[in-house]
Amino acid sequence: MQFWFLLTLESDIFGHFCNVSKKRGSFIFSQKVNVESKGDLKTEVLYSVSKDVKDVRDGEDVVASFCVEKPIACHSYMVGRHAHLLKGTYKGRDAVLKLSWTPVNRLPEGAAYAILNKRPVECIPEIFSKGLLISDLNGYRLEFVLMENCGQSMAEYLKGKTDYQKDELVPGFVKQLTLCLAQANDIGVLHRDISAGNVCVKKNGRVYVIDWGCAKVIGWGAAEDAAEDPDTIQLKHIDVAEQWGFNAKMVGQVEMAKDPFTGTPLFMAIPILSRNLIRGILDDLESVFYVVMDAVRPAYTERDDVQGFKFLDSPSLAIIRWGLIQKDAVLLGEFGVKHINPRLKELICAMRRFLFEPENKVMNHRLWSNNKFVRRANWDAAPEFMHLKAIELLKEDNGQLKRLAKDEVNAELLKKIRTL
Ligand SMILES: Nc1ncnc2c1ncn2[C@@H]1O[C@H](COP(=O)(O)OP(=O)(O)OP(=O)(O)O)[C@@H](O)[C@H]1O
Ligand SMILES: [Mg+2]
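Each residue of the sequence shown is one higher than the one before, starting from 1 at the first, in full-length UniProt numbering.
Here it is, written out as structure tokens:
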């Protein structure tokens, strides 16, 4: 586990992307080369899909190739993750291939998509194929997700639009995003990394939530011995853990231990910046709030020049933001959205009331000073920005309140696991 950085080496040094197979049913990742200058298309068969992940149907019979056009990004994180993203085509459709090394005790992104795909969830990319290329190498797995290309980030998409167009588009985007997160929450998946880079819009105007690689399955960490003991309630979605060959309880506990640290700091909710141990859908909705303000900011303002997006360190940003959410006027001014259209301002103000004024009074300092603070929402403000179906789903669930008892019990357990 200490040598995870080896996995970030170029493949010609470390050789980890070279696993040749000629079996039928193999999935083929191929390099698009200029046929005229280089002769035949060079094809590298990388993996037999059905080998490591049992019963992953959408990959089983596929003999099709993903043609790599160009790399999009290559990210490395100190926490032991390393991802390569490649743009290309699959069966004539624009596609993205994400190859990522992650610790084996974390939730694979493909497993999160497998759960999300059990029911209709709006605004998630279509997954063409997913699986493991290497199931365990020194405590790391190499997984792949081949998916629909979801366009560009919402902020980039809106850059080229007029104020009038933004007014028309953004309320619809916010409705769709809230519905997506509510439906995911309802099936038991919490995204935990809503950020500017993870909300995309396609040319046709459809909005997507991508990068479910930091997601957790709600309840796995809290279930005591459910997997072993037939008398207790079966862990929900245990079938997916079995397919992907990991222990749901162990992964659940590690993911819960990571709750206070997971996300992109600039877009993290105030309680998470303050390392709150209890995390839920309201924290992800707070991240949507920052993503929206970032995306609608006029083009002449730079993110770095805006007080609300100046990052010093997590505790300081938490306190600064708590200061900024006290009043609409301060919020709009300090997040650089004072001069946007009135309709969008109203939308942002409604989100502020929903997130921070549960009883028509701004939450006090416990929002950032008490790491067991359980937040509540002001549901009266919800219809002004949220999808009605999302309200129905979330009100039924009561935010994260229902999970409090179990999570508190596990707060003790967290102390032990957090050193992992
Ligand atoms: N399906 C997709 N369609 C279009 N672009 C994508 C897609 N998947 C990823 N990207 C692009 O690649 C970037 C990185 O992908 P992704 O967020 O999945 O990986 P990551 O390494 O976990 O990133 P981070 O942790 O920085 O958010 C995205 O911000 C986006 O610009
Ligand atoms: Mg991302």
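Positions of the beta carbon are idealized from the N, C-alpha and C atoms, including for glycine.
By the neighbour-count criterion, in which 16 or more other beta carbons inside 10 Å mark a residue as buried, T262 falls on the buried side. The beta carbon of H75 sits closer than 6 Å to at least one heavy atom of ligand 1. By the beta-carbon neighbour count (other beta carbons within 10 angstroms, threshold 16), N204 is exposed. By the neighbour-count criterion, in which 16 or more other beta carbons inside 10 Å mark a residue as buried, P125 falls on the buried side. With a cut-off of 6 Å, the C-beta of P125 is classified as near ligand 1, since at least one heavy atom of the ligand falls inside that distance. Judged by DSSP in its simplified three-state form, M256 adopts helix.
Within the model, the alpha-carbon separation for E148 versus N364 is close to 43 Å. Only residues of its own chain outside the window of five on either side were considered, and among them E384 have a CB closer than 8 Å to the CB of E346, listed in chain order.
In terms of Cβ geometry, I127 and V240 do not form a close pair [threshold 7 Å]. Here S316 is not bridged, per DSSP, to any residue. Of L107, R81, K338, D94, the smallest CA-CA separation from G221 is found for L107.
A Cβ-Cβ separation of about 15 Å leaves K216 out of contact with M268 under the 8 Å criterion.
Placement of the Cβ of M363 at a distance of 6 Å or more from every heavy atom of ligand 1 is found. The beta carbons of D294 and A155 sit closer together than 7 Å. If you look at F356, you'll find it in the alpha helix (DSSP H) that goes 342-356.
Within the chosen limit of 6 Å, ligand 2 reaches the beta carbon of D211 through at least one heavy atom.
In this structure L355 is in contact with E286, their Cβ atoms being roughly 5 Å apart against a cut-off of 8 Å. Within the region 62-87, the complete beta strand (DSSP E) segments at least 3 residues long are 65-77, listed from N- to C-terminus. Bounds of the beta strand (DSSP E) holding C200 are 199-201. Contact between the region 357-373 and the region 182-198 is absent: fewer than 3 CB-CB pairs across the two stretches fall below 8 Å.
With a cutoff of 6 Å, N149 does not count as near ligand 2, since its C-beta is closer than that to no heavy atom of the ligand. In this structure, G197 has its CB closer than 6 Å to one or more heavy atoms of ligand 2.
Between the region 269-285 and the region 316-327 there are three or more inter-stretch CB-CB distances shorter than 8 Å, so the stretches are counted as touching. For T178, the three-state secondary structure derived from DSSP is helix. Here DSSP, grouped into helix, strand and coil, assigns W322 to helix. DSSP lists T102 as the beta-bridge partner residues of R141. For A184, the distance from the CB to the nearest heavy atom of ligand 1 is not below 6 Å. In the assembly as shown, F311 is an exposed residue. Its beta-carbon has fewer than 16 other beta-carbons within 10 Å. Assignment of beta-bridge partners to G131 by DSSP yields F144. The C-alpha of V296 is placed about 15 Å away from the C-alpha of K175.
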